[in-house]
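Here's the structure, in structure tokens; my notes come after.
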Amino acid sequence: MAEELHLQIKGLRKSYGDFEAVRGVDLTVAKGEVVVIMGPSGCGKSTVIRCINRLVEPSSGEIWFDNQPLHKLTPNQLVPVRRRIGFVFQNFNLVQRLSARDNVLLGLVYAGLNKKTARRWAEEALEKVGLAQDADKFPREMSGGQQQRVGIARALALKPELMLWDEPTASLDPILVREVLDVMENLVKSSGTTMVIVTHEVPFALRVADRIELMNAGQIVESGTPTQLFQAPLTAVGQKYLEIIKAQHTDIAEISRRILATPRNEGRITA
Amino acid sequence: MPNPIQFWRQDTFYKDIIVLILGTILVGGALSFGLAWTVDRYFGDTVTGLIGDAGQYDLILHIREDAKEAALIELDRIIQENFPGAKYVAAPTLAGKANYLLSLPEESKSRKVLENIDSYFNTLPGWNGSTFIIAPAVTVRGVQFGAKGILISRLEELDGVKFAFINGGNVLAVLKDAAQAKTVSHQVKAILDEYRTIEVRFPLGYQVDDLSQTGSQIVLAIQDQLRPKLVKDVTLSSETTDLNAFMETLVEMKRFLLGYASQVEIALESTAALKVGEAVILQGASPHLLVVGDGVRPDNLIIDILEIQGDVARGIITQGDISAVDPEVQSLAAYRLERGTDVGVLVGKTTIYNQRYQLLLAIDESVKLLQELEVMAEEADQTGQDLLVTLDAYEQTLDQIARVEETLRQVNQSLDGPLNQLNQIDIEDVVAALQTTSTSIDYLLSTLGVVNPPTGQMADVGQVPGGLGDIQDQVVQGTQDLETVVKNINPVAQLLRKFQERIQTFTVQVNNFGSLAENSNLVHNLLGDIGGATSSALNAMEAVDVNALRSHIHEITERLRAIGDLDTDLVREEMNEVRTTLPNLTDEEIGRSIRLIDSYIGGEVIPGERVQLLVDASVQQKEVIPILNKLLGSQDFSVLEMPVGILEPDVRGLVFSVLREVRSTIAGLVAIVFTLIVLWLDHALLINALRCLVPGRLGRLRHLRLGERFIPDLAGIYGAVVGGVILWGSYTLGGGAIPWLSPLHILALGVLLGLGTGALAQRISPVSEAELNAGLSLGLRKTDILREIVIPEGRPGLANWLNRRNLRFMAGGGN
Chain A
228 MAEELHLQIK GLRKSYGDFE AVRGVDLTVA KGEVVVIMGP SGCGKSTVIR CINRLVEPSS
288 GEIWFDNQPL HKLTPNQLVP VRRRIGFVFQ NFNLVQRLSA RDNVLLGLVY AGLNKKTARR
348 WAEEALEKVG LAQDADKFPR EMSGGQQQRV GIARALALKP ELMLWDEPTA SLDPILVREV
408 LDVMENLVKS SGTTMVIVTH EVPFALRVAD RIELMNAGQI VESGTPTQLF QAPLTAVGQK
468 YLEIIKAQHT DIAEISRRIL ATPRNEGRIT A
Chain B
2 MPNPIQFWRQ DTFYKDIIVL ILGTILVGGA LSFGLAWTVD RYFGDTVTGL IGDAGQYDLI
62 LHIREDAKEA ALIELDRIIQ ENFPGAKYVA APTLAGKANY LLSLPEESKS RKVLENIDSY
122 FNTLPGWNGS TFIIAPAVTV RGVQFGAKGI LISRLEELDG VKFAFINGGN VLAVLKDAAQ
182 AKTVSHQVKA ILDEYRTIEV RFPLGYQVDD LSQTGSQIVL AIQDQLRPKL VKDVTLSSET
242 TDLNAFMETL VEMKRFLLGY ASQVEIALES TAALKVGEAV ILQGASPHLL VVGDGVRPDN
302 LIIDILEIQG DVARGIITQG DISAVDPEVQ SLAAYRLERG TDVGVLVGKT TIYNQRYQLL
362 LAIDESVKLL QELEVMAEEA DQTGQDLLVT LDAYEQTLDQ IARVEETLRQ VNQSLDGPLN
422 QLNQIDIEDV VAALQTTSTS IDYLLSTLGV VNPPTGQMAD VGQVPGGLGD IQDQVVQGTQ
482 DLETVVKNIN PVAQLLRKFQ ERIQTFTVQV NNFGSLAENS NLVHNLLGDI GGATSSALNA
542 MEAVDVNALR SHIHEITERL RAIGDLDTDL VREEMNEVRT TLPNLTDEEI GRSIRLIDSY
602 IGGEVIPGER VQLLVDASVQ QKEVIPILNK LLGSQDFSVL EMPVGILEPD VRGLVFSVLR
662 EVRSTIAGLV AIVFTLIVLW LDHALLINAL RCLVPGRLGR LRHLRLGERF IPDLAGIYGA
722 VVGGVILWGS YTLGGGAIPW LSPLHILALG VLLGLGTGAL AQRISPVSEA ELNAGLSLGL
782 RKTDILREIV IPEGRPGLAN WLNRRNLRFM AGGGN
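Chains as they are written, first to last, in our numbering: chain A, 228 to 498; chain B, 2 to 816.
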């Protein structure tokens with residue numbers, strides 16, 4: 228595991244009026260590390276991930292990316308930084324008037340790449356997600372899974388150093404979830420890019436995560452490798468996830484064995 | 002300090018917004034102006050088609066549409082006779098009036114002809130007047146009557162004016178050249194500014210004994226104290242407007258009806274809290290006594306209370322008529338009318354005076370008197386003549402008695418000598434003189450018996466009011482005077498009767514004498530007695546001033562004769578006519594009429610007498626008031642200061658001025674509509690985008706603690722500013738001018754439209770926050786997001802059109 232810190236969050240807080248969605252989150256992500264944030268709906272996972280590239284403005288706290296204090300940057304200073312951070316949205320967030328290719332090209336063109344390079348990069352990104360043939364389709368002509376894959380290609384095209392995934396399969400029906408998860412898993416395994424993924428897909432998380440952060444009520448309550456975390460969860464949230472893992476025995480039997488073989492409390496942190 | 006050139010070269014969205022706003026204002030201004038201009042042009046051409054070009058026609062003749070065929074035949078004749086060379090064309094018919102545009106020959110355009118133009122055309126069948134459209138001309142409207150002469154002479158002194166003439170309340174100055182219109186207008190305005198009219202108005206009912214004298218006094222007082230160059234009384238009583246005359250007639254009618262109505266007085270109970278304006282109810286012709294709580298019956302009397310003084314209320318009957326009420330049968334107790342329908346509590350006892358019945362009675366009595374008057378006057382005249390005859394007899398008798406006295410004096414002188422000097426002849430002379438005197442007395446008494454003063458003949462005629470009452474009094478006085486004359490003579494007549502008896506006794510005794518010598522003592526005694534009686538009679542008769550009586554009788558008879566000369570038949574006939582023409586109105590009808598008149602004149606200010614002064618501009622209204630206060634010793638008047646006239650463009654100018662106003666109004670309305678459309682099409686989207694990209698309210702405003710609910714956010718303020726700027730800019734550039742709305746109002750309206758758009762922006766033109774976040778996450782600048790994502794997704798508008806040059810990704814076209 229790489230030890231060089233790529234992303235560091237300190238004391239992150241976000242309030243909406245009187246409601247405090249995030250209550251002092253600390254998180255560090257090493258370069259190339261894949262961190263999965265899990266937790267019940269409304270616990271503040273998406274808020275945390277959106278705060279990282281300041282799609283949501285934090286109320287307080289610090290966000291350091293590649294030794295740059297993102298929390299202090301002006302909107303103009305944020306622009307080049309965001310090009311280095313890919314973001315995949317839960318609802319795809321495609322520009323409806325543009326084709327799949329143009330959606331991917333959008334970031335590339337405005338990043339200043341010449342037309343030729345931009346088109347090549349876009350083609351490559353679409354290729355990666357298996358949509359090279361559908362590049363001229365418009366979002367309304369595509370399935371949810373395809374749209375999300377365009378969203379992934381769009382984020383990937385800029386060759387980001389950090390990928391943020393905000394529940395990318397939450398808006399998809401179970402059949403389409405598979406194709407998106409396959410793409411994601413391949414990317415994780417092949418790219419070596421630092422990733423922070425918010426998801427409810429437990430098997431996926433167990434397969435790809437270097438570390439899992441469990442959140443509840445705006446705070447990280449448990450943290451550790453999948454094995455550490457699910458061998459003997461200390462929190463109610465952890466217990467719930469363990470039950471889920473046990474219920475989905477078919478697919479995760481091997482993972483479970485791996486989890487159970489891992490020595491107890493290794494690298495374990497708790498809130 | 003930002004460099005404008007540098008700013009303009011930078012590729013920022015601020016620049017896009019400024020370009021958009023400027024472009025919008027230009028387009029809005031052009032659109033407003035263009036549309037308004039088109040409308041103006043259309044109507045302008047229409048008006049030119051309707052009333053011709055300037056100077057083409059001089060007059061519009063208005064004729065009733067149904068009579069136009071006959072009128073045209075007559076018009077041809079009039080033109081041929083009076084205005085050879087004149088031409089006319091038909092103009093559109095409006096509201097049942099056919100209009101003809103008339104062009105007069107140049108030689109007919111003179112003050113004399115134009116001031117009397119209607120007299121040439123008023124024989125046209127269906128004639129409905131005319132309107133001057135003569136051009137070039139300057140019109141002074143609403144010229145005060147007394148100022149017309151001075152104004153015309155001043156206008157005709159101007160270089161550019163050919164002549165001036167009066168047209169109703171206007172004075173028109175016909176110009177030599179249209180190019181001089183502006184110059185002359187300025188000069189005319191300057192002349193008008195030199196004068197003003199001061200009007201002193203006295204309220205209705207305020208009596209000014211001699212308006213002319215009052216006017217002169219006011220002029221002198223102003224001259225004395227203010228020493229103006231000009232102050233002239235230009236009051237003309239004939240200037241009363243029709244409305245004033247009508248209002249005065251109504252007031253007079255009300256006064257007449259009030260005098261004619263039954264006067265109702267109610268002695269109020271101490272507990273009655275009656276107010277003016279309330280009504281009371283009486284039993285009236287109804288056989289049923291009023292009971293508290295019952296409803297009003299149609300034959301009850303209802304009285305509206307007009308006045309309350311102490312414990313007496315007065316009013317007029319507004320339901321029923323007093324003629325149907327017999328106080329012996331019906332109760333005169335008055336009850337309050339509750340809610341207009343119910344009998345309320347007892348408020349008092351009523352007394353009703355019926356003026357119109359009194360009037361009818363007076364007329365009847367007057368007619369009766371007139372019938373008697375002539376006879377009475379004749380009889381009185383005859384009495385006078387008889388009395389004059391009596392006075393003649395009186396004088397004869399007086400002479401006769403004087404002669405008897407003289408005879409007796411001579412006889413008595415004889416008796417003073419020897420008895421034999423008294424002879425028989427002397428005694429016989431005495432007896433004869435006495436017999437003659439007795440005869441004269443008989444005649445006198447007989448004439449007195451004929452005299453029969455006509456007193457008491459008018460006993461059947463009551464006292465008649467007014468002039469007839471005076472005549473009646475004169476006749477009665479005349480007869481009384483004659484009676485007095487007779488009464489003066491009557492005591493003398495009694496004395497003469499006794500004297501006559503003494504004469505008879507004397508004569509009998511003398512005839513019984515044998516000889517005088519034998520009865521000398523008796524003769525002495527008899528002559529002494531008769532002498533005494535004669536002297537007494539003579540003294541009594543001389544005490545009456547016969548000449549004075551004759552003169553008095555002459556005077557009385559002349560007076561009575563003059564009355565007798567009156568044409569009583571005519572007067573009687575006229576009075577009968579008055580009786581039959583008196584309004585046959587019931588109390589209810591009178592009451593309702595009065596209420597109707599009150600409701601009509603209630604809101605009207607009815608001017609009374611007024612004095613109008615033409616003064617120079619140095620005389621100020623506020624200076625005049627104290628002078629009048631002192632002069633009139635009252636403050637019961639009002640002083641108005643008015644211009645002598647108002648300069649106005651000619652009819653054509655007026656029409657075109659109205660058209661200009663219409664154009665400006667249309668331009669203003671177009672600018673408002675355009676601004677609203679632009680705000681909805683373009684800026685609602687930008688407002689939404691701003692809300693997403695720059696969330697939060699303005700901190701500084703929040704610190705004011707006004708309550709966030711009413712504080713617009715930054716995007717709302719953007720909307721307000723843009724709305725204000727666009728509307729104000731388009732409005733001004735397009736030449737908009739809506740009556741009663743100042744540029745500040747327009748700016749405020751624009752701000753309101755912008756705020757409204759801001760409030761409804763999400764409904765009008767929603768922005769996809771998801772796409773916006775996608776742009777942000779891809780590292781697009783806000784400017785790029787607005788250009789590439791927000792605006793292309795919005796409604797087609799100017800922003801979208803202008804943004805096309807900034808787009809790198811055309812829809813469907815790719816990069």
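Backbone N, C-alpha and C define an ideal beta-carbon position, used for all residues, glycine too. Keep in mind it's a predicted model, so treat the numbers as computed, not measured.
Would you report the Cα separation of residue i and residue j, rounded to the nearest angstrom?
i, j, result
"Leu702 of chain B", "Ser242 of chain A", "A caution first: Leu702 of chain B carries a pLDDT of 45, below 50, which makes its placement in the model too unreliable to give a value."
"Val40 of chain B", "Gly127 of chain B", "35 Å"
"Thr426 of chain A", "Ala397 of chain A", "8 Å"
"Leu234 of chain A", "Val256 of chain A", "5 Å"
"His684 of chain B", "Asn168 of chain B", "58 Å"
"Tyr337 of chain A", "Thr784 of chain B", "11 Å"
"Ile667 of chain B", "Phe34 of chain B", "9 Å"
"Arg310 of chain A", "Leu779 of chain B", "6 Å"
"Ala148 of chain B", "Lys631 of chain B", "27 Å"
"Leu781 of chain B", "Ile747 of chain B", "39 Å"
"Ala672 of chain B", "Arg664 of chain B", "12 Å"
"Asn303 of chain A", "Ser743 of chain B", "43 Å"
"Leu283 of chain B", "Gln622 of chain B", "54 Å"
The alpha helix (DSSP H) with residue i in it runs from where to where?
i, result
"Arg381 of chain A", "371-384"
"Ser731 of chain B", "715-734"
"His746 of chain B", "744-765"
"Gln188 of chain B", "182-195"
So if DSSP puts residue i in a beta bridge, which residue, or which two residues, is it bridged to?
i, result
"Asp393 of chain A", "A:Val425"
"Gln145 of chain B", "DSSP output for Gln145 of chain B lists no bridge partner at all."
"Ala280 of chain B", "B:Asp305"
"Arg202 of chain B", "B:Arg611, B:Ser639"
"Ser447 of chain B", "Paired residue(s): none; Ser447 of chain B is not in a bridge."
"Thr352 of chain B", "B:Glu266"
"Ala174 of chain B", "B:Val139, B:Ala165"
"Gln235 of chain A", "A:Thr255, A:Trp291"
"Gln320 of chain B", "B:Ile303"
"Gly776 of chain B", "In the DSSP output, where bridge partners are listed per residue, Gly776 of chain B has none listed."
"Asp617 of chain B", "B:Tyr196"
Starting from residue i, trace the beta strand (DSSP E) in both directions and tell me its first and last residue.
i, result
"Met643 of chain B", "639-643"
"Glu339 of chain B", "334-339"
"Asn801 of chain B", "Element bounds for Asn801 of chain B: not the beta strand (DSSP E) but the alpha helix (DSSP H), 799-804."
For residue i, would you say it is in contact with chain B, using Cβ-to-Cβ distances shorter than 9 Å as the test?
i, result
"Ile264 of chain A", "no"
"Phe314 of chain A", "yes"
"Asp245 of chain A", "no"
"Asn280 of chain A", "yes"
"Leu385 of chain A", "yes"
Let me see if you follow: with CB-CB separation under 9 Å, is residue i close to chain A or not?
i, result
"Arg809 of chain B", "yes"
"Arg701 of chain B", "Note that Arg701 of chain B has pLDDT 41, beneath the 50 cutoff, so the model's placement of it is unreliable and the number below is only indicative. No - not a single Cβ of chain A is within 9 Å of the one on Arg701 of chain B."
"Ile790 of chain B", "yes"
"Asn774 of chain B", "yes"
"Pro797 of chain B", "no"
Please confirm whether any heavy atom of the ligand NAD lies closer than 8 Å to the CB of residue i.
i, result
"Pro267 of chain A", "Summarising the ligand content, the structure contains no ligands, and the ligand NAD is consequently not present."
Give a yes or no on whether the minimum CB-CB distance between residue i and chain E is below 9 Å.
i, result
"Asp714 of chain B", "Within the model displayed, chain E is absent; protein chains A and B are what it includes."
Runs of beta strand (DSSP E) wholly within the segment 284-337 of chain A (minimum 3 residues, chain order): 287-292, 312-315
Runs of alpha helix (DSSP H) lying entirely within the segment 509-573 of chain B, each at least 4 residues, in chain order: 521-544, 547-565
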